[in-house]
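Numbering (this note's numbering), first residue to last: 284 to 637.
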């Protein structure tokens with residue numbers, strides 16, 4: 284089991300979380316989810332020799348004398364930040380002194396350079412930013428941005444590079460009752476067999492969804508950690524549900540971290556969790572449930588973590604006995620809406636005849 288403890292790192296004040304195969308983080312804007320997403324990307328990235336440069340890449344260099352970050356696997360410390368000093372223990376099997384330029388005869392730990400480079404994809408964490416909805420415009424104008432010396436986040440540049448790799452490897456993909464086709468260097472979204480729009484002219488939901496769908500499919504080819512900000516971005520509730528099912532089904536080999544604002548995401552995850560739980564009751568249920576929720580979309584509650592992030596503090600919202608997300612976490616927004624509506628109705632009834 285992986286665990287992460289964070290204290291006094293920017294907006295993150297007191298975080299104590301278990302990282303599992305499927306991980307959910309929900310909270311209000313400004314609660315610290317984005318900082319946590321980037322931090323998880325850094326600490327789980329096993330190919331980074333210089334963690335400090337990664338903090339700078341994500342523009343989250345909030346390390347002070349009071350900062351404590353401990354990343355562990357069971358009782359073994361993999362990475363620590365104490366007294367402004369970063370210490371990594373996870374790459375000891377790779378780290379060794381060698382002289383550049385490297386040759387295929389050189390070794391990193393017990394692996395040749397060639398073997399190490401082959402395994403890089405299995406060690407590197409992948410970050411899918413909320414800014415992915417800019418990719419359709421960004422890819423068309425990247426040279427103009429650079430020539431104009433407009434500062435661009437390194438994380439967005441990296442994601443753009445990964446997206447272009449995915450486009451070269453995956454030229455067709457079904458998403459949200461539509462079809463993506465890469466043809467003549469153009470990203471096309473087919474709404475039916477004959478009619479399409481370029482990605483940059485498609486809906487905002489599709490412009491957010493396609494970069495995520497495509498890179499997820501590409502990243503899923505190698506086991507790795509995949510961190511996704513706002514998978515629901517610009518999507519209708521039914522499309523949010525379909526997207527979560529796609530994410531779970533596509534990333535069987537990967538560890539997934541979802542940062543969301545959406546109660547629909549929580550409800551969908553609960554369906555997939557309960558489907559697994561009910562399916563394992565007996566063979567009859569397994570067969571019948573699989574026709575509604577395929578086994579490839581079901582989530583084992585033992586491999587799931589869920590946290591509410593508020594004011595930089597983490598709170599588990601996974602029921603200890605059920606293994607599902609607690610009803611309070613899902614219903615909180617609905618309760619606020621219901622309370623306000625009830626208050627308005629009471630005022631209306633009291634004063635409507637005045």
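C-beta atoms are modelled at their ideal positions from N, C-alpha and C, and glycine is treated no differently.
Residue i vs residue j beta-carbon contact at 9 Å
i	j	result
residue 412	residue 444	no
residue 602	residue 297	no
residue 558	residue 523	no
residue 584	residue 543	no
residue 497	residue 511	no
residue 286	residue 408	no
residue 448	residue 455	no
residue 318	residue 295	yes
residue 419	residue 470	yes
residue 477	residue 303	no
residue 329	residue 284	no
residue 354	residue 362	yes
residue 610	residue 579	no
residue 540	residue 509	yes
residue 341	residue 494	no
residue 563	residue 501	no
residue 569	residue 605	no
residue 527	residue 551	yes
Among the options, nearest to residue i - alpha-carbon criterion
i	options	result
residue 573	589, 588, 555, 585	555
residue 312	628, 602, 592, 302	592
residue 417	366, 480, 489, 288	489
residue 590	308, 321, 536	308
residue 607	306, 284, 300, 289	306
residue 586	484, 535, 442, 360	535
residue 459	481, 521, 436, 465	521
residue 517	467, 562, 492	492
residue 486	569, 519, 628, 442	519
residue 359	474, 372, 368	372
residue 507	290, 338, 339, 410	410
residue 547	474, 415, 525, 440	525
residue 612	571, 622, 553	553
residue 468	352, 482, 599	482
residue 549	339, 567, 588, 441	588
Chain-order list of residues whose beta-carbon lies under 6 Å from that of residue i (same chain, five-residue window excluded)
i	result
residue 292	345, 350
residue 343	318, 321
residue 654	Past the edges of the chain, shown from 284 to 637, lies residue 654, and the structure says nothing about it.
residue 480	472
residue 626	none
residue 268	There is no way to answer for residue 268, as the model of the chain reaches only from 284 to 637.
residue 316	308, 310, 542, 592
residue 352	289, 364
Beta-ladder partner(s) of residue i, from DSSP
i	result
residue 598	591
residue 469	466
residue 297	290, 596
residue 479	473
residue 368	365
residue 540	306, 510
residue 359	356
residue 456	463
residue 410	510
residue 351	290, 365
residue 285	302, 356
residue 343	In DSSP, residue 343 forms no bridge with anything.
residue 608	601
Residues of its chain near residue i, where Cβ-Cβ distance is below 7 Å and the 5 sequence neighbours each way are ignored
i	result
residue 632	none
residue 299	288, 597
residue 335	369
residue 636	none
residue 446	418, 494, 497, 498
residue 623	none
residue 414	439
Cutoff 8 Å; reference residue i; Cβ partners in own chain excluding five residues on either side
i	result
residue 628	none
Residue i at chain C interface by Cβ criterion, 9 Å
i	result
residue 551	Checking the listed chains, one finds no chain C in this structure; it contains a single protein chain.
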